[in-house]
Amino acid sequence: MSIHIQKVSKTFGSFQALQDISIDIESGELIALLGPSGSGKTTLLRILAGLEGLDEGAILFDGQNITNVSPKERKVGFVFQHYALFRHMTVFDNVAYGLKVRPRKTRPSKEEISKKVTDLLALVKLDNFADRYPSQLSGGQRQRVALARALAVEPKVLLLDEPFGALDAKVRKELRRWLRKLHNEFHVTSIFVTHDQEEALDVANRIIVMNNGQIEQVGTPEEVYEHPNSPFVYDFLGNVNLFRGRLHKGKLTQGQFEIDVPTYLDSYDDAVGYVRPHDIQIEKEPLNNETVAAKIVHIHMVGPIVQIELKREDVDEYLEAEIPKEHYRELNINNGDTVYIRPKQLRVFIPE
Ligand code: ATP
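Numbering (full-length UniProt numbering), first residue to last: 1 to 352.
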């Protein structure tokens with residue numbers, strides 16, 4: 001089912017939680033709503049579910065205006081951060097619940113329900129847990145039950161509000177795989193809220209970045225990561241080094257650095273260059289006039305990537321660089337060494 005969100009605004013008292021939000025979501029997309037706490041992600045999700053009203057704008061499902069349609073009639077599945085399972089029901093009954101409470105006319109037979117629940121539990125690898133109660137499951141298992149339960153009623157849209165937020169890192173990773181797997185299987189248009197950029201980049205086919213009740217950027221993970229359109233998105237989507245300096249005649253100058261930038265940019269005294277850690281080049285010897293000296297203050301190994309913290313020698317600034325482990329070995333560098341660095345790629349934003 002496609003979703004069109006048209007000029008949606010929402011206030012709570014005098015507080016504007018959403019401001020003129022418009023997005024078109026195609027059928028079968030897996031979308032991450034990404035943003036800091038309070039940016040309006042949950043409010044937007046609740047409006048889509050029909051659990052919250054809106055002040056202005058409209059929501060269309062498959063071209064039909066459903067703004068005033070009740071949550072029940074929207075055919076939306078919802079998964080919350082805190083597994084809202086029925087504690088007094090077994091896993092089987094939890095997953096079967098949405099089917100059992102259907103009006104008699106549309107209710108599947110007992111056998112059909114049983115088959116469907118069994119299939120879904122097999123899919124989330126909980127076939128041997130059908131008779132257990134939620135209290136006898138781990139957090140990750142409960143969330144898998146919640147996913148199976150949401151899918152049992154064949155929703156046209158699946159909405160997930162920080163579904164893995166309460167779980168530890170390893171289980172989160174596993175559940176991300178589940179979400180992708182279930183999505184590949186069912187192709188239900190799905191939107192999940194997260195404030196974890198890695199989760200959004202890893203799972204979604206498109207990311208909606210929100211800030212202060214507005215959309216900052218919409219794009220594929222690669223687009224928002226590689227081509228952020230604002231300092232906020234740059235900052236929010238990963239580590240970044242800032243080079244504050246004077247922009248003049250195609251050069252950003254900071255300390256001994258003179259970094260080439262597109263010449264169409266005007267002159268500014270306080271421009272900011274943004275550089276991702278993997279775009280910092282490290283050399284053992286100075287390279288023409290393009291590099292500046294920096295001292296290694298910390299080396300941190302994370303699998304095949306080595307993170308290196310550096311302190312510039314020309315100005316009082318710290319930097320973070322990331323290089324592949326092989327390159328690190330070739331360089332043969334240690335804590336306390338002086339190396340020479342330069343940004344390979346830099347994006348300049350002018351402060352407003
Ligand atoms: P988080 O990641 O912390 O859940 P969020 O991006 O989901 O944040 P929302 O829950 O949508 O943010 O809240 C957006 C803003 O609206 C917040 O400042 C919040 O305090 C406010 N808000 C949300 N619901 C209500 C409400 N029922 N009454 C008053 N203010 C509310």
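Using N, Cα and C, we set each Cβ at its ideal position, and we do this for glycine too.
Not one heavy atom of the ligand ATP sits closer than 6 Å to the Cβ of ALA49. DSSP places ASN94 within a helical segment (H, G or I) once states are collapsed to three. Taking the Cβ atoms as the reference, VAL348 lies roughly 5 Å from GLY273, within the contact range of under 8 Å. For LEU45, the uninterrupted alpha helix (DSSP H) segment begins and ends at 41-49. Annotation for GLY53 indicates a beta carbon at 6 Å or more from all heavy atoms of the ligand ATP.
According to DSSP, VAL8 shares a beta bridge with ILE21.
The way I'd put it, the stretch 61-78 doesn't touch the stretch 119-139; fewer than three beta-carbon pairs between them come closer than 8 Å. Taking C-alpha positions only, ALA293 is separated from TYR234 by approximately 26 Å. Shown here, ALA146 sits in a helix according to DSSP, grouped into three states. Around the Cβ of GLN64, a 10 Å sphere holds fewer than 16 other Cβ atoms; the residue is exposed.
Here LYS10 is near ASP55, since their CB atoms are less than 7 Å apart. Cβ neighbours of LYS295 within its own chain (closer than 6 Å, five residues either side excluded): LYS311, THR338. The stretch 29-36 makes contact with the stretch 174-191; the number of CB pairs closer than 8 Å reaches 3 or more. When beta bridges are read from the DSSP output, GLY245 appears opposite ALA271. Annotated as proximal: GLN19 and GLY213, with beta-carbon spacing under 7 Å. With three or more CB-CB distances shorter than 8 Å, the stretch 66-76 counts as touching the stretch 147-163. Pairing PHE257 with PHE12, the inter-Cα distance amounts to about 48 Å. Counting only the Cα atoms, GLY250 lies some 8 Å from TYR264. Our two residues, VAL69 and LEU126, have alpha carbons roughly 34 Å apart in a direct line. With contacts defined by Cβ atoms closer than 7 Å, LEU175 and PHE164 form a contacting pair. Spatial neighbours of TYR225 in its own chain (CB-CB distance under 8 Å, excluding positions within 5 residues in sequence) are listed in chain order as LEU201, LEU237, GLY238. Its chain contains GLY35, SER39, PHE232 as the residues whose beta carbon lies nearer than 6 Å to that of ASN211, once the 5 sequence neighbours on both sides are disregarded; these appear in chain order.
Distance between ALA321 and VAL240, taken at the CA atoms: about 9 Å. The residues ASN94, VAL95, TYR97, GLY98, in chain order, have a CB closer than 7 Å to that of ARG149 in the same chain once the five nearest residues on each side in sequence are set aside.
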